[in-house]
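First comes the structure, then the notes that go with it.
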Amino acid sequence: MFDFVYRELCDGGCVGIFPEGGSHDRPNLLPLKAGVALIALGTLARQPDCGLSIISCGLNYFYLNKFCSCAVIEFGNLVQVHLDQIEAFKMGGHLKRNAVGSLLETINDSLAAVTQQAPDRETLMVIQATRRLYKLLRMKLPLAVVIELNRNLLKGYTRFRDEPKVVHLKKAVSDCNDRQKALGIRDHQVEWGDVEQRPWWVVFGIFLLRIGEFLALAVGTLPSIALFWPVFVITKIVSVKKQRSALAASVVKLEGRDVVGSWKIIVEMGLAPSLYTLYTAIATVWLNYCPIMGWWIDPRNYIPDFIPLWLFSILFFGLMLLVSLTGLRIGETGVDVLKSLPPLLVALNPRSASSLRAERQALATQVIEVIDTFGPEILSNFESEKLVHENPNDDSYTSRIKSIPPSHSSSRSRSESRGSVKRSNSFGSFLHDTFLKPLSTMTDDNLNEVNRRIRDSGQKKSEPRTRGDGDSDDDIVVVDTLSTIGTGEAEDRKSR
């Protein structure tokens, strides 16, 4: 696989890598694997002048388990691989590991710049509520601006999370969210029921109008529900079953909402056309073989004689598709109308609406105070009226090679979240503990030990070896290469 990718990139192609599917369900990124760094360095090692660059893409989407939900894709700055990393990669051994690890850290940093990473889901919910309470930005913001504002607030919270003002504000925002959720309203709907702007009789009239609109939309969705209820039921059953299976088999998924959304699409793509075909076949058979038993059941009273069966089948299949799409759109509108009813009920109660508005206004004041206090320490060009900047960082940056300790090896995997795994191979442990260390941590005693083991290894190579030792010939080559490189470079440093 790697050879095919190398050829594609050397020919000027583009390869998209989705490294962390499990991160879709988490508030932060899982540790990256080394494959992307190996591909980049391997390509540049083959053809240094191919012009390869790495671009991090952030996929920020909302309502993972909902159909037709919104998503924002952000493209980060270019990541250029340094020549020193390419040369270290070619030399192999621990230098190769340092090159891969340092490039992987740079990629991880660039990826973090285009994603929202919170320590937990509760914190992410509080950050989003805080952004909505920031009254200086009460206009309708594009989703890309919302993402950037959330990221800046997360940056500030991560640094000042232990400050008394921040702790108190987080608790107040969480309590306000819980109260709004209990009443069935959203944050942006709290200010809607102000009696000074809308008298109670106006709110009551809108409430009755919305009820009538909802009933009309419900009637409009009846044909779609009657025909395609098997899709809704089977999709729900299968997606919930797959969600439970995914949660049981994974230690990184929290809710598995991405699994629910994926399986809804998969089941619908297979089941909906099957139902279209079934209904079309039933209607075609009825049109061709149904005897005349009365005006209401005679199909020729509905279908003219000049329409052939094959044309009727095509038209009926298209009608089923149109009914399902129309029902879907009407249903989405009906759900939006239904969600607007609880805020109207709250607005009809002046006492409850006034207390909610007063609480929200007090929270908005606290948010502005906290942001004005800690904002300048996070953003050098902080402005109280502008937490979002048009061009935060347009220039590309170059990755630099550095030593990577064994405990932070670039080849780490998501199994770290399950707990540390002991090495069963004694020689692999020997490599990990002795030779695969950065040169910056080597002492004279370590160099003497390396030289002694080189001599022992050379003597053993002259003797016949069996596979029963659990080691391959490649292991011996790696030891000699790493030891020679480590000793030679250490001697060069001493001479300098």
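For the sequence shown, the working numbering assigns the number -13 to the initial residue and increments by one for each residue that follows. All residues carry an ideal CB built from backbone N, CA and C; glycine is no exception. Note that the coordinates shown come from a computational prediction; the quantities given were computed from them, not determined experimentally.
Inset, instruction - Express the C-alpha separation of L295 and T270 in angstroms, rounding to a whole number. - result: 7 Å
Legend entry - L16 - DSSP class collapsed to helix/strand/coil: coil
Legend entry - Beta-carbon contacts of Q114 that lie in its chain and below 7 Å, excluding the five residues immediately before and after: N136
Legend entry - Cα-Cα separation, C162 to L331: 18 Å
Inset, instruction - Return the residue from the list R12, L311, G21 that minimises the CA-CA distance to V(-9). - result: Considering only alpha carbons, the answer is G21.
Legend entry - CA-to-CA distance, N63 to A31, given in whole angstroms: 23 Å
Inset, instruction - Return the CA-CA distance between G191 and P105, expressed in angstroms with no decimal places. - result: 45 Å
Legend entry - Where L64 falls: helix, strand or coil (DSSP): strand
Inset, instruction - Excluding the 5 residues preceding and the 5 following L493 in the sequence, name in chain order all residues of the same chain whose CB lies nearer than 8 Å to its CB. - result: Residue 493 is absent from the structure shown; the chain starts at -13 and stops at 482.
Legend entry - Assigned secondary structure, G320 (DSSP; H/G/I helix, E/B strand, else coil): Here DSSP, grouped into helix, strand and coil, assigns G320 to helix.
Inset, instruction - Please go through the same chain and pick out, in chain order, the residues whose beta-carbon is closer than 6 Å to the beta-carbon of G206, but skip the five residues on each side of it. - result: I316
Inset, instruction - Take F(-12) and list the residues in its own chain whose beta-carbon comes closer than 8 Å to its own, dropping the five residues that flank it on each side. - result: L24, I25, G28
Inset, instruction - From the DSSP output, read off the bridge partner residues of V58. - result: N46
Legend entry - Helix, strand or coil at I25 according to DSSP, with G and I counted as helix: helix
Inset, instruction - Would you decide whether A57 is buried or exposed? Buried here means 16 or more other CB atoms lie within 10 Å of its CB. - result: exposed
Legend entry - Segment contact flag, the segment 309 to 323 with the segment 219 to 238, C-beta cutoff 8 Å, min 3 pairs: No: fewer than three Cβ pairs fall under 8 Å.
Inset, instruction - Just the C-alpha distance for F298 and V253, rounded to the nearest angstrom, thanks. - result: 27 Å
Legend entry - Cβ-based neighbour list, F193, same chain, cut-off 6 Å, excluding 5 preceding and 5 following: L330
Legend entry - Cut-off 6 Å between Cβ atoms - residues of its own chain near I364, not counting five sequence neighbours on either side: K141, G142
Inset, instruction - Could you work out which residue in M306, V176, Y262, W249 is closest to A344 when comparing CA atoms only? - result: V176
Legend entry - Proximity of S310 and S210 at Cβ, strictly below 7 Å: yes
Legend entry - For I41, the residue or residues it bridges with in DSSP: Under DSSP, the beta-bridge partners assigned to I41 are L64.
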